[in-house]
Every structure is written in structure tokens, then in C-alpha cells.
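As C-alpha cells, the structure follows; a few thoughts come after it.
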Amino acid sequence: MIDLKLIRDEPERVRTSQRSRGEDPSIVDRVLAADERRRAAELAFGTLRNEQKELGKQIGPLQGQLKKASDDERASIQSQLDGLMTTATELSDRVKAAEDERAAADADAAALVALLSNVVETAAPIGGEDDFVVLEHVGTPRDFAAEGITVRDHVELGEMLGAIDIERGAKVSGSRFYYLTGVGALLELALVNHAIALACGNGFTPVIPPALVKPAAMEGTGFLGQAAENVYRLEQDDMYLVGTAEVPLAAYHSDEILDAESLPRRYVGYSPCFRREAGSHGKDTRGIFRVHWFDKVEMFSYCNPEDATNEHQRLLGWERQFLDSLEVPYRVIDVATGDLGSSAARKFDIEAWVPSQERYREVTSTSNCTEFQARRLRVRMRDADGVRPLATLNGTLVAITRTIVTLLENHQQADGSVRVPVALRPYLGGRETLDPIG
RNA sequence: GGAGGCGUCGCCUAGCCCGGUCUAUGGCGCCCGCCUGCUAAGCGGGUUUGGGUCACAAGCCCAUCGAGGGUUCAAAUCCCUCCGCCUCCGCCA
């Protein structure tokens, strides 16, 4: 949710942001009109309600007097009371009408504001999906031909190693499901432990959050807007399966006021992620690159809005550090305005090299949601200036399946074995290679 | 799943039966001031959040007693629904 004050004070800034996202700028003006109506309704209701309360203050004591009154006083008090009651009854109807109008105007304005996406950071590249800016390349893709190796993709490698069982995944759960088995399962645990250790070493609090949440959490994080079709919903229980730990981590402090002294608060969550992948039929159908369920270690930070841009760089830094440790070539991109989620003001993706596809593919993503998400979830901070929304940011440390893809493929050897990057060895019992099974 | 109890302004708590001086009591904590060699004690004042008006000041007004409805001139208080917590039983990892 955008700050109404910002919309009132700098409507053109919001319109510009909407345009750069390829979204409707006219919503701004509809919000302004609705807000005006809301304020008028608020004022009308407040005035009437005050009158009603003042009247009530006269009725109460008068009724008390009536009970104690002598016979000759009684008639005059009774007639006074009757007069007040007549006014009060009539006023009551007007109060109710004003209250209804206020509620309607409120709901209207709120619904319109909810349509506005976060205001983009001015430094973000403008354009659509393909207009990202490559910030940096790290590492160089191996020349497999020069090494005399015919590249195997992760499906083939996974099968040889007994690490990934896609056929049985499909048998049991359908397309885009898989089993991680043997060293595949161990690899997930190793990656998770490695990631959590890195995060804890940098002051993050490890969290294992619920993967099933109520509508308010999903709504508040902004996943029920354009992204709604990709969310699994449990109709019978009115619950949602989260697509990322960002959801329960962001909602963790909802309706709370945090002491500014305690910021930034950094959490690292490990959770399953469920995605319907509606609208991606035929895309990445082979292997485990795009699946309906995977596990992920996600960083989440609550911080002072003034510090958000720097915090974003820090999150990106930890993502890079993690990928560096996996010894995989990657590039960092600055995602264009049209490709940001509705909550994000700026987003950096890291794309790792996938040898079988001979291109870079997204493995992590970090977003600065500024105060947008916090305002929806009512997470605020208290400092010397009082109470105000804080900023929230999120970033992937490791999305298991995609990381396994890039790990197996980049470190494969001629015989189908896979070299284990040094940093991961302690988490795999010292193993230096993963070897094909019998 | 069944039975019962409970949800009050940071924490604890009064109020609810019998609706109206509730502008929600008191304690703790916290903040400001006074007093005091220092500290403690004591004294006085302040201390939910959101919105409106307005100069994004002060003041004033409205809403907020788990959430949402209802009854009423008037609801923390009466009625209904939902949510959460606790205790016991059943089931279960």
C-alpha cells in the first residue's frame, strides 16, 4: 500500500511510477477523488456522532432525576425527556446513514489504493522483462568442448547419481514434481545448512515458519494481486500454501510496533515453496528447473526506510557470497520496472550459468519493498519522531532445485561424476565428488 | 471432534450480573518536572493506536475494551457469529 499522503502531495510521482511499470496511472486520480469523499464522510459522521453523544449525556441523568422526583416534578421532567428522545430518535437515523456512507467511502478508497503498485526506485531500468541491465558477470563458463566433455543436463546427471527421480515424482504427484534421493537428498540438506550457517554468521535469526497461512498474510505480502493465479489455495479451510518464506516472515511482525533501536531485524527462513505455475505451460518442462514445490532458504529484513537501499545491497552481497562459495559462474541483473512485483521498488536477480541451456537463469532474487508491504501488514517502528511504517526487504539465499541444477551441470566431469565445491564438503561428510551409482 | 473457562490502552488488573457522570479503575514499567550532597524514597503531571479538522503545531472531534454483525435514543456492559488462548476428554505424529 502506498502512503496516501504521498499520493496527495506528489501525485505525479506516483503516476510516473505507474507508467514506468506499464500500469494504469489514472488510478491515482480515482484514489484522490475517493479520498476526498472519504474525508468528507468522516467529518459528517464525526459531527453527527458528537451531537448524539452530547444528547445522550442529558438523557441519562434526567432519567435518574425522574426516578427520585416527587409527583409534581415528574410531569415536567417527563415532558423534557420525551422531547429529547424525539430528537435522539431522529438523530439516530442520520447517524446510521452517515456511518454507512463513511464505511462505503472508506472501503472504496482502500480498494483503489490497493490497486496501486509500489513506487519504483528512480534508478531502476525502465522497460519490460527484457530491459534489465546486467550489472556484473562473475566467473567464466567452462569450455566443456575444450575439455572433451559432452555436456549432460541435470536430469541425466541426477539419474546417474541416483539423486533426482523425476519419473516417480510424476507418478505420485504429477508433472513438475520430483523426488530427491540419495546424494540428492543429502545435497539439499548440505545446501540448507551451508546457507543457514552463512546467514547466522551475519546476525540473522534462523526461522522455520508455517507454510500454510491465512488470507491476511497472503494479501498483506501482495501475492493476491497479479500473482494470485500462481498461489495454491485450500478452499475448504480458506488457507494458502506459501510460495516463499517471505510471506510468513513478513507477516511475523504484522500489527506490531518495533522499537527503531532493534532494527534492522534479520530473519532467515527455511520453508517449502508451492507454485501453481499457471501460465507457464510448456516452459522449462524438462527436469526440476521449474516445479510446483521446492524448498528454499530466504532472507528477510525489517529496517529503517532510510537504510533500505543500503540493506538491499547487503542482501545482494550475501546472495553473491553464497553463489561465490558454490563456484558457479553467474551474472547480476537490475530488473526493469515492468518486471517488478507489485510490492517491489527495486529488484536484483542473480542468474547462474546453466551449461545445458548455454544461458544464465535466475537462481536468486532480492527485492526492496520499502514501506509498501509493511503498511499493508501494519508493521511499524517507533523512534524519536513517533510511529511510522518501516521497510521490508527479502532475498533468496538458496532455492534448492535451481541451485542443484546449476551445481550438477557446472561441476560435472567426463564420467558423469560431479565435483563438490570446497565450501559444501563439510556439509557432505567431506565428500569431494558425487559419483554415479552402480 | 466434545465439555468448560477466558480475551480490557506495554505488562498485570477493576468494570460486565443491574446499558447512560466510563472522558475505562488501580498497580508496575516508562517519560517530564519538583524535592533531595548522590542514589533510593516521596510529590505533581504524562503515557494505546488509527482517522478527521488544522499549518503534517497546539487544541478540539470521531473510532478503538479479540474481530464482525445485531438490539437500543445510548453498548466494554445485552444477543448472535467467528477467531485466538487455557483446562479436561477423545483421536493422533
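Quick note: the first sequence uses our numbering, first residue 1, plus one each step.
Don't be surprised by glycine CBs; every beta carbon is placed ideally from N, CA and C.
(message) What does the alpha-carbon distance come out to for the pair ARG8 and LEU32?
(response) As a working mapping, residue 8 is identified with position 8 in the first sequence. As a working mapping, residue 32 is identified with position 32 in the first sequence. Pairing ARG8 with LEU32, the inter-Cα distance amounts to about 7 angstroms.
(request) Out of ILE164, ALA145, ASP383, point me to the one whose CA is closest to ASP259's CA. (result) In the first sequence, counting from the first residue as 1, residue 259 sits at position 259. Nearest C-alpha to ASP259: ASP383.
(message) Buried or exposed for HIS194, going by 16 or more other Cβ atoms inside 10 Å?
(response) Translated into the one-based positions of the first sequence, residue 194 becomes position 194. It is buried - the Cβ of HIS194 has at least 16 other Cβ atoms within 10 Å.
(request) Please state if the CB of CYS369 and the CB of ASN118 are separated by a distance shorter than 8 angstroms. (result) Against the first sequence, residue 118 aligns to sequence position 118. Against the first sequence, residue 369 aligns to sequence position 369. Against a cut-off of 8 angstroms, the Cβ pair of CYS369 and ASN118 comes out as a contact.
(message) Between which two residues does the alpha helix (DSSP H) holding LYS347 run?
(response) Position 347 of the first sequence holds residue 347. From DSSP, LYS347 is part of no alpha helix (DSSP H) but of the beta strand (DSSP E) over 346-354.
(request) Specify, as a first and last residue, the run of the beta strand (DSSP E) that CYS200 falls within. (result) Numbered from its first residue, the first sequence carries residue 200 at position 200. No beta strand (DSSP E) holds CYS200; the alpha helix (DSSP H) holding it covers 183-201.
(request) Return the chain-ordered list of same chain residues with a C-beta closer than 8 angstroms to the C-beta of ARG13, the five sequence neighbours on each side being excluded. (result) Your numbering for residue 13 matches position 13 in the first sequence. Closer than 8 angstroms at the Cβ level, and outside the excluded window around ARG13, lie LEU6, VAL119.
(request) Please classify MET85: is it buried, with 16 or more other beta-carbons within 10 angstroms of its beta-carbon, or exposed? (result) Position 85 of the first sequence, counting from 1, holds the residue named residue 85. With fewer than 16 Cβ atoms within 10 Å of its Cβ, MET85 is classed as exposed.
(message) Since PHE294 and ILE400 should fall inside the 8 angstroms C-beta cutoff, what is the C-beta to C-beta distance between them, to a whole number of angstroms?
(response) Residue mapping note: residue 294 aligns to position 294 of the first sequence, counting from 1. Residue mapping note: residue 400 aligns to position 400 of the first sequence, counting from 1. Indeed they touch by this definition, with Cβ atoms about 5 angstroms apart.
(message) I'd like to know whether the C-beta atoms of ALA345 and GLU121 end up nearer to each other than 8 angstroms.
(response) If you number the first sequence from 1, residue 345 lands on position 345. If you number the first sequence from 1, residue 121 lands on position 121. A distance below 8 angstroms separates the beta carbons of ALA345 and GLU121.
(message) Contact defined as beta carbons within less than 8 angstroms: I believe THR392 pairs with SER301. What is the distance between those atoms, to the nearest angstrom?
(response) Translated into positions along the first sequence, residue 392 becomes position 392. Translated into positions along the first sequence, residue 301 becomes position 301. The pair is a contact, with the Cβ atoms about 7 angstroms apart (cut-off 8 angstroms).
(request) Count the other CB atoms, across all protein chains shown, that sit within 10 Å of the CB of ILE196; report buried if there are 16 or more and exposed otherwise. (result) As a first step, residue 196 must be located in the first sequence, where it is residue number 196. Burial of ILE196 is indicated by the presence of at least 16 other C-beta atoms within 10 angstroms of its C-beta.
(message) Which same chain residues end up closer than 8 angstroms to LEU48 when comparing Cβ atoms and leaving out the 5 residues on each side of it in sequence?
(response) To locate residue 48, count along the first sequence from 1; it is residue 48. Correct list, in chain order: LEU91, ARG94, VAL95, ALA98.
(message) Between the alpha carbons of ARG152 and ALA414, how many angstroms are there, rounded?
(response) Here residue 152 refers to the residue found at position 152 of the first sequence. Here residue 414 refers to the residue found at position 414 of the first sequence. Roughly 9 angstroms separates the two Cα atoms.
(request) Using the Cα positions of GLY279 and SER175, report the straight-line distance between them to the nearest angstrom. (result) Reading the first sequence from its first residue, position 279 is the one you call residue 279. Reading the first sequence from its first residue, position 175 is the one you call residue 175. Between GLY279 and SER175, the C-alpha separation is close to 15 angstroms.
(message) Is ARG276 close to the ligand MN? I mean its beta-carbon at under 7 angstroms from any heavy atom of the ligand.
(response) With respect to small molecules bound, the structure shown includes none, and the ligand MN cannot be examined in it.
(request) Tell whether a beta-carbon distance below 8 angstroms holds between ARG266 and GLY203. (result) Numbered from its first residue, the first sequence carries residue 266 at position 266. Numbered from its first residue, the first sequence carries residue 203 at position 203. A contact, by the Cβ cut-off of 8 angstroms.
(request) Apply the 10 Å Cβ neighbour rule to SER367 and answer buried if 16 or more other Cβ atoms are within range, or exposed otherwise. (result) The sequence position of residue 367 within the first sequence is 367, counting from 1. A buried status is given to SER367, since no fewer than 16 other beta-carbon atoms sit within 10 Å of its beta-carbon.
(request) Look up PHE300 in the DSSP assignment and say whether it is helix, strand or coil. (result) Position 300 of the first sequence, counted from the start, is the residue given in the question as residue 300. The answer is strand: DSSP assigns PHE300 an E or B state.
(message) Quick check: what's the CA-CA separation for ARG425 versus GLY158?
(response) Position 425 of the first sequence holds residue 425. Position 158 of the first sequence holds residue 158. A straight line joining the alpha-carbon of ARG425 with that of GLY158 spans about 18 angstroms.
(request) Quick one: give me the first and last residue of the alpha helix (DSSP H) that GLU246 is part of. (result) Translated into positions along the first sequence, residue 246 becomes position 246. First-last of the alpha helix (DSSP H) with GLU246: 246-251.
(message) If I follow the unbroken alpha helix (DSSP H) through VAL14, where does it start and stop?
(response) On the first sequence, residue 14 is found 14 positions in, with the first residue counted as 1. Its alpha helix (DSSP H) spans residues 11-21.
(message) By alpha-carbon positions, which one of ALA109, GLU156, ARG21, GLN58 ends up nearest to ASP82?
(response) By one-based count along the first sequence, residue 82 stands at place 82. Looking at the Cα atoms, GLN58 is the closest of the given residues.
(message) Here's the rule: buried if 16 or more other CB atoms are within 10 angstroms of the residue's CB, otherwise exposed. What is PRO248?
(response) Looking up residue 248 in the first sequence gives position 248. PRO248 is buried by the Cβ-count criterion.
(message) Judging by CA-CA distance, which residue of THR87, GLN63, LEU180, LEU112 is the nearest neighbour of GLN78?
(response) The residue you call residue 78 lines up with position 78 of the first sequence. From the listed residues THR87, GLN63, LEU180, LEU112, the smallest Cα separation to GLN78 is found for GLN63.
(request) With a cut-off of 8 angstroms on the beta carbons, I'd call VAL297 and VAL207 a contact; round off their distance for me. (result) Position 297 of the first sequence, counted from the first residue, corresponds to residue 297. Position 207 of the first sequence, counted from the first residue, corresponds to residue 207. Contact between VAL297 and VAL207 is absent: CB atoms are separated by about 10 angstroms, not below the 8 angstroms threshold.
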